[in-house]
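For the protein sequence lines, the chains are F and U, in the order given. With the first letter of the first sequence counted as 1, position 84 gets the number 73 in my numbering; the numbers rise by one all the way through. For my numbering, add 56 to where a residue sits in the second sequence, where the first one is 1.
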Amino acid sequence: MRRAGTGKAASHAVLILGALVVAFPFFWMLSTSLKTGAEADHSPPTLLPASPQFSNYAEAWHSAAKTTAGHVTFTTYFGNSVTVAACVTAGVLLTSILAGYAFANMRFRGKDLVFVLFLSTMMIPFEVVLVPNFRTMVALGWYDTYLALTVPWMANVFSIFILRQFFRSIPGDYFDAAQIDGCGHWRYMWQVAVPMAAPALVTITIFTFLGSWNALMWPMLVTDSAEMRVVQVGLSILQGEESTRFQVLMAASALVIIPVVVLYLFLQRRFVEGVSHTGIKA
Amino acid sequence: MANRMRRFGTLLSLLCLLAAPAGCGDKAPPQGELIFWHMQSQDNAVLLQQIVDDYNAADPPMKVSLRYVGGYTDLFRKVRATIATNKMPPDLVVAYESMVAEYIELGAAVALDDYIADPEVGLPPADLADIFPGILAGNRYPTYGNLYYTFPFTKSVLMMYYNRDMLRQAGLSGEPPVTWSEFKEACKAVRAAGRQGYALSVDASTVDAMVMSFGGELLDEANRRALFDSPASLAAFRLIHDMARDGLCYQIDTRSYGDRKDFASGLCAFMIRSSTTRPYIEKDIEDRFDWDMAIIPHAEGVDPVTVLFGANIAVLRTTPERQRAAWRFVRYFSSSEVTARWAMGTGYLPVRASAAKTPAVRAFFEERARNRRAFDALAHARTEPGVAGWQAVRTEIELAEADAVRNRIPPKEIAEKLSREANIALSGGGSGHSGPTAVSILAVAGILAALLAAGLRKRNREATQ
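1) Run through the DSSP bridge pairs and tell me what residue 93(U) is partnered with.
2) Nearest CA to the CA of residue 204(F): which residue from 176(F), 244(F), 142(F)?
3) Would you call residue 175(F) buried or exposed, if buried means 16 or more other Cβ atoms sit within 10 Å of its Cβ?
4) Could you name the residues of the segment 4 to 30 of chain F whose beta carbon sits closer than 8 Å to any beta carbon of chain U, in the order they occur along the chain?
5) For residue 108(U), count the other beta carbons within 10 Å of its own beta carbon; 16 or more makes it buried, fewer makes it exposed. Which is it?
6) Could you give the DSSP three-state label for residue 349(U): helix, strand or coil?
7) By DSSP, does residue 62(F) sit in helix, in strand, or in coil?
8) What residue range is occupied by the uninterrupted alpha helix (DSSP H) comprising residue 243(U)?
9) Excluding the five sequence neighbours on either side, which residues of its own chain have a C-beta within less than 8 Å of the C-beta of residue 145(U), listed in chain order?
10) What in chain U is Cβ-close to residue 209(F), meaning under 8 Å?
11) Quick one: which residues of the segment 307 to 327 of chain U get their C-beta closer than 8 Å to a C-beta of chain F? List them in chain order.
12) Out of curiosity, what's the CA-to-CA distance linking residue 128(F) and residue 290(U)?
13) Alpha carbon to alpha carbon, how far is residue 248(U) from residue 201(F)? Give it in angstroms, no decimals.
14) Spell out whether any CB of chain F is found under 8 Å from the CB atom of residue 226(U).
15) Measure how close the beta-carbons of residue 160(U) and residue 205(U) come, nearest whole angstrom, since I'm counting them as under 8 Å.
16) Pick helix, strand or coil for residue 327(U), following the three-state DSSP scheme.
17) By the three-class DSSP mapping on this structure, what secondary structure does residue 214(F) have?
18) Would you call residue 431(U) buried or exposed, if buried means 16 or more other Cβ atoms sit within 10 Å of its Cβ?
19) Out of 332(U), 338(U), 231(U), point me to the one whose CA is closest to residue 319(U)'s CA.
20) Quick check on residue 119(F) - is its C-beta less than 8 Å from some C-beta in chain U?
21) Determine the extent of the beta strand (DSSP E) in which residue 252(U) is found, giving its start and end residues.
22) Under 7 Å between beta-carbons, which chain U residues line up against residue 124(F)? List them in chain order, please.
23) Go to residue 113(F), then tell me how far its alpha helix (DSSP H) extends in each direction, as first and last residue.
24) Where does the unbroken beta strand (DSSP E) through residue 448(U) begin, and where does it stop?
25) Who are the neighbours of residue 269(U) on chain F, taking C-beta pairs under 9 Å?
26) List, in chain order, every chain U residue whose beta-carbon is nearer than 7 Å to that of residue 229(F).
27) Hey, could you find the ends of the alpha helix (DSSP H) residue 371(U) is sitting in?
28) With a Cβ-Cβ cutoff of 8 Å, do residue 427(U) and residue 347(U) count as a contact?
29) Which residues share a DSSP beta bridge with residue 402(U)?
30) Which residues of the segment 157 to 173 of chain F have a Cβ closer than 8 Å to any Cβ of chain U? Give them in chain order.
31) Have a look at 217(F), 258(F), 235(F), 113(F) and flag the residue whose alpha-carbon is nearest the alpha-carbon of residue 64(F).
32) Check this for me: beta carbons of residue 197(F) and residue 122(F), under 8 Å apart or not?
33) Please check the pair residue 178(F) and residue 253(F), which I expect to be a contact at CB under 8 Å, by giving their CB distance rounded to whole angstroms.
34) How about residue 396(U) and residue 411(U): do their beta carbons lie closer than 8 Å?
35) Could you pull out every residue in the same chain whose Cβ sits closer than 6 Å to the Cβ of residue 400(U), ignoring the five residues on either side in sequence?
36) Between the Cα of residue 90(U) and those of 484(U), 381(U), 453(U), 166(U), spot the shortest distance and give me the residue it belongs to.
Okay, structure coming up:
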């Protein structure tokens, strides 16, 4: 009994330590966001602010207006990021469901070859296709529009792979039973397979939303006007060439991660299920 | 389950509806507007906008519209990508010399000499002579016909910052070290007094300045071969290596401003940084201790020298009318009044001698002795090479400096290795430490795909059996 108790205490200690390691950057971000400029720049650093400076948050929110001559504030950036991340997530879910189902449950010539070709594109780094993709956007007349920010990211091979694996794990008996009831692939997919894949869909939603929310290089490349910028560009504005006001940057960072944290908390249970079903390491 | 699916479907529809009013369609720059891509943010951006507004208010042939495009790396990447499309390049871009060299190679940068000599929109010889020769020289590109491809935008010099109080407490006079030997001795004295000497930020420009301050050159006369295996370069790396070994300097986290923080907190006696750091240091230190700036030390028998850095404005190839209109703005920005205003508001240096004589600049110089140190150092400032491939060389220089600080490799080996890598980069081979090429990535991807296909076929065969 004592040995079991000691083991439990040890595992708790390890878990608490792990939780502290994970939580510390967030604590540091919040702590710095409430410091004065002198405290934020002090060496060695102080753990907590002497007197919390909530005004840093207001300053961070309005900081974009300075760089853009008053054209936009962080409200515009948030609006753009929410729109872009939502559209990309919706697009990825749709294309991944259709492709994942086809690869898992349908028979057609060259299926394995096409699937392998899809997978092989995961090996190509983003930087290699950056310029060709940019040229395509310009040729289509999509430069500095939401289309350039969203459409190229609406299909994701990793998500297709996850859903294919998930759909393959559903016993074929379900489809046989559905066929007896008159279902074809289309109806079976939407009414039986997709609802069963909810944990995987939640996982994809979180990963895609997060990836889109955190994107900087592509939005910076394909947009030009201040009105089309996203939150990550807003954060980059706060980083100066010779000096960065870390307290304002951290306040802005805290504001920027709120939607992602809320989304995660909202979908947390399903996300854990999805991870355990699909074998993904978050 | 069906209800949940309906909710999911509704959510998807809502998300799609959210996107519906999104701005779509081609957004080519307006015909009568020049697009200026820059990387200034916060207060500097406010001032730049005011300067542009004043220019636009004077009813020029084409008004200027500012676009913030991130840091230098983002800006460079974006300009390169835009050039590749042959469509809608910006009219004006901020760029370092090495970036401009690449734009010239791509045929995208416009030489300004004809505009400078133009009787209507040009610069009279007296105006051209008013711009500091060192600054002007940095905008000529010797490997490309010695033409002006840029004009100065954000100019600053590399300076040594020193804590005068700490030097005095260590038993020294409080005057800045003039030679590297004195610098080393000062760090030793400070260390003996229990404080830190030099907070070293790994930075290619600092190494370049050190090499020059030992009497060396970075490139040969033809601007084709790197000379990092020279005795001067070896001396620079030996200095860094030996100071790190003896605990006289310590490396801060790369690009962390850690040296600035340590210096402002009174933890170290020296740091070497751009003159643009001065206003920030001033704000951090307030009046807690006595500090000053000086030109970086040099070797005995070598004239003082430092690096002139900062970006320039380049005019990109568009149409003759747009290029001419873009030059008009460049000329306006380098006028005495505007350069003085820009320098006073940002901490960059005025590019004209006459600007230094304006009442505002004179009052600023008289306010504190250190306010004119960077300006005085301008006479000794030299630009770093503006040749294609130098961006990759900078990466190699910083890797070499990190090796020297960590005492991993003897200085001679570091200098020789750097020279080799730099020459590979200059010959168009990219950085010797760059990642795998697209071809090799595709080859690996192909092999993996073939293996996966074979595995899938085998499994399908087994399943059908």
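Glycine included, each C-beta is placed from N, C-alpha and C at the ideal position.
In brief:
1) 123(U), 149(U)
2) 142(F)
3) exposed
4) 26, 27, 30
5) buried
6) strand
7) coil
8) 236 to 248
9) 135, 138, 139, 164, 372, 373, 374
10) 125, 126, 130, 134
11) 313, 314, 316, 317, 318, 320, 321, 323
12) 51 Å
13) 53 Å
14) no
15) 6 Å
16) strand
17) coil
18) buried
19) 338(U)
20) yes
21) 252 to 256
22) 140, 141
23) Run containing residue 113(F): none; DSSP gives neither H nor E here.
24) Element bounds for residue 448(U): not the beta strand (DSSP E) but the alpha helix (DSSP H), 446 to 461.
25) Residues of chain F passing the Cβ test: none, with the nearest at roughly 22 Å.
26) 97, 98
27) Unbroken run through residue 371(U) is the beta strand (DSSP E), 368 to 371; no alpha helix (DSSP H).
28) no
29) Bridge partners of residue 402(U): none, in fact.
30) none
31) 217(F)
32) no
33) Their Cβ separation, rounded to whole angstroms, is 27 Å, which puts residue 178(F) and residue 253(F) out of contact at 8 Å.
34) yes
35) 416
36) 381(U)
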